Amino acid sequence: MWDKWTAIVGLSGSLLLGAATQASAADDRIEIEIALHRATGAPPAAKGKLRFRDRGSRQDARAEIEQVPLGNYEFFVGGVLRATAEVVNTARGTEGEVQFRNPVEPGKVLLDFDPRGELVEWKFNGDVVLTSQFPGDPGDDVPGDDDPGDDNGDDNGGGDGGGDGVEIEISLIRATGAPPAARGKLRFRDRGSRQDARAEIEQVPLGNYDFFVGGVLRASAAVVNTARGTEGKVQFRNPVEPGKIHLDFDPRGELIEWKFNGTVILSSQFPAGTTGAPGSPNDSGSDDSNSNDSSSSSSSADDSAFVNQKVKTNFVRTDASSRARGSMQLTSKKSKAELRIRFTGLDGGKTYTLTVEGVPVATVVTNRKGKAKLRFSTRSGRNKLPLDFDPGDADFELLDGDTLVLSGNSGGSHIGGGMASPNRLKVELNNVGPDSNAHGDAEIRNRPGRTDFQVEIEDLAIGTYDLLADGVVVAMIGVSSQNSGTQGEVEFSTDLTEADKLPLEFDPAGALFEIVRDGTVYLSIQFPA
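The numbering of the sequence shown is the working numbering, which starts it at 748 and goes up by one.
As structure tokens, this is what we get:
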């Protein structure tokens, strides 16, 4: 059961989530999962992932490849062939997988390697089909760090006393007799002064489903039809805000269940993670800033400006044969935020360009060994670049002229403090009047070769609403109950490989957007040009 001590990595290959309580050095529990990237020329529907789990006395790994032509595919880790898997037809399409274990057991391959920090590849007839850089052990220094020590930034090697932000997400497991396509997940975030949770259930019959945590009913959600199929969700927050339920419980270490008419549909044990109940921040009250920082007495914002988090992620190589590697660490806490980036394996004495969301933010000059370091900070100081943009959940690229060398997503949450992410624009929808409680927002995100657009509406009557762009219906939004409010959303993208998003076939810039039901306009906005 892949449901405990989970750290999940998104399609960008960035470490987004992770938490583990370490009882002892011999009793650590680590689980990391990454989705693999399609290589150039690979089948457009190809996908795969790698899961790795270290239980101290036992290690497991599982590599999967799907939606590719039938045949034998080779699995490489760090350039070394580790196994071959046959892709066969299944009820869900074509699939192949290989499982590793140490100590080995029947039906599995001996796991005599560690994938952390290594390049992972699926190949067919010598051609790379899927690839990604596997993240390092979440407890280690940033992979590629050539400096000794803890790499903690300004925490003096002692950590933050449990005050760092935590984000954990798990997928739920179908119960016996549940609809075969049923799926769901639970995401929990603890930022110290704020906690959020979001539970989802999908691809099940319409109706009202009950959400349980530790055997206690916490909410009910109406599963409704959407463009992606049937969906239901419920959101919690502490402190509570309109449209969400008060998060007065801690899911860590508890059994999570979705039930329908008393029957379990989905369930899973939520990781125990770090301690600290919602509403009881465990922050020590110190931002652990460096006492040698000449500007430590000044701040770019007030003491509660930034969210509380520390996230480490890896860059991904675009050329599997390249030696280039990169890593970044985003730390934000109270009145300070920092971003540290390190590169190795580049050409020595060369100049590169670093972009964020397609916007150049720094020039990178390597030393004779092909290494370089950058440090962005909201506090001025020696060898620091100004951090005047929001780096949370942003796409980074390292360019050699016009050639992409490395790419990655910083992961984490938006740091706040009034900072904006490059090439993102979010606006509030205007309440036209028929429902005084209704509100929502629209957001556009531009990245090189891709644009995403999202509209979210809340506190409207349950039902289906039309989204109009300049008078033309471009989508329908299903609004469902969230107990203390209602919510619905729709997402568009010009990236046609995004199966859970609608194709963005119109230009949001300057368009008039309206939320309409039975001819009545509830919300509208003239999106900025």
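A virtual CB, placed ideally from N, CA and C, is assigned to each residue, including glycine.
Every value quoted in this text rests on a predicted model; they were computed, and no experiment measured them.
task = Just grab the DSSP bridge partners of N1210 for me.
result = The question names Asn, yet the displayed sequence has Gly at residue 1210. Its beta-bridge partners are V1226.
ask   = Considering D937, what are the terminal residues of the beta strand (DSSP E) in which it resides?
value = 930 to 937
ask   = Shortest alpha-carbon distance to A974 belongs to which of K932, F959, D1213, P790?
value = D1213
key: Beta-carbon proximity list for I1279, same chain, < 6 Å, skipping 5 on both sides   = Nothing about residue 1279 can be read from this structure; the chain reaches only from 748 to 1276.
task = Closer than 7 Å by C-beta to V1054: which residues in its own chain qualify, once you throw out the five before and the five after it? Chain order, please.
result = G912, R938, S1079, S1160, I1162, G1163
Straight-line Cα distance separating D1094 from F1143 = 19 Å
ask   = Would you call the CB atoms of I920 and S1015 closer than 7 Å?
value = yes
key: Closest by C-alpha distance to G803, when choosing among E833, R809, V827, P850   = P850
query = In its own chain, which residues sit with a C-beta less than 7 Å from the C-beta of I1272, not counting the 5 before and 5 after it?
reply = V1174, L1176, N1177, A1189, F1260
ask   = Which value, in whole angstroms, describes the spacing of the CA atoms of N836 and V1263?
value = 44 Å
Given 8 Å, three or more beta-carbon pairs between the region 991 to 1002 and the region 1239 to 1249 = no
Per DSSP, the bridge partner or partners of D866 = Position check: residue 866 holds Leu in this sequence, whereas Asp was assumed. Its beta-bridge partners are Q880.
task = Could you name the residues of the same chain whose beta carbon sits closer than 8 Å to that of R1197, not counting the 5 residues immediately before and after it, in chain order?
result = S1240, T1241, D1242
ask   = Is it true that the CB of L1215 sits closer than 7 Å to the CB of D1182?
value = no
message = Is the beta carbon of V1011 closer than 7 Å to that of A720?
response = The structure shown does not extend to residue 720, since the chain is modelled only from 748 to 1276, so the question has no answer here.
query = What are the boundary residues of the beta strand (DSSP E) that I812 is part of?
reply = 806 to 813
task = Confirm, please, whether the CB-CB distance from E821 to T831 is below 7 Å.
result = yes
message = Could you check whether S1157 and L1077 sit closer than 7 Å to each other, using their CB atoms as the reference points?
response = yes
task = Assign S1045 to buried or exposed, taking buried as 16 or more other Cβ atoms, counted over all protein chains shown, within 10 Å of its Cβ.
result = Reliability of the predicted coordinates at S1045 is poor, the pLDDT of 31 falling under 50, and no value is obtained from them.
ask   = Which whole-angstrom value describes the C-beta separation of L1013 and A925, a residue pair presumed to lie in contact below a C-beta threshold of 8 Å?
value = 7 Å
query = From A792 to E842, what does the alpha carbon distance come to, in whole angstroms?
reply = 12 Å
ask   = Between the beta-carbon of G1235 and the beta-carbon of N972, is there less than 7 Å?
value = no
request  = Decide if A944 is buried, meaning its Cβ has at least 16 other Cβ atoms within 10 Å, or exposed.
outcome  = buried
message = Short of 6 Å in beta carbon distance, which residues of its chain neighbour V1220, apart from the five on each side in sequence? Order them along the chain.
response = D1213
query = Candidates S1228, T1233, P1255, D1199: which alpha carbon is nearest L1249's?
reply = D1199
ask   = Taking the Cβ atom as the reference point for each residue, do V970 and V951 lie within a distance shorter than 7 Å?
value = yes
task = Sort A1141, T1098, F1136 by Cα distance to K1120 and report the nearest one.
result = T1098
key: Same chain only: Cβ atoms within 7 Å of D1265, ignoring 5 sequence neighbours per side   = none
request  = Count the other CB atoms, across all protein chains shown, that sit within 10 Å of the CB of G908; report buried if there are 16 or more and exposed otherwise.
outcome  = Caution is warranted here: a pLDDT of 31 is assigned to G908, below 50, making its placement in the model unreliable, and the coordinate value is therefore given only provisionally. By the neighbour-count rule (16 or more Cβ atoms within 10 Å), G908 is not buried but exposed.
ask   = Based on the DSSP output, what are the partners of M1075 in its beta bridges?
value = T1060, I1088
ask   = Taking C-beta to C-beta, are G795 and E811 nearer than 7 Å?
value = yes
query = DSSP beta-bridge partners for K980?
reply = E947
task = In the DSSP assignment, find the beta strand (DSSP E) that holds P1107 and state where it starts and stops.
result = 1106 to 1112
key: From T1110, V1202, F1136, residue whose alpha carbon lies closest to that of N1170   = F1136
ask   = To the nearest angstrom, how far is it from the Cα of G854 to the Cα of F847?
value = 9 Å
ask   = Among the residues of its own chain, which have a CB less than 6 Å from the CB of A1258, if the five just before and after it don't count?
value = A1216, D1217, F1274
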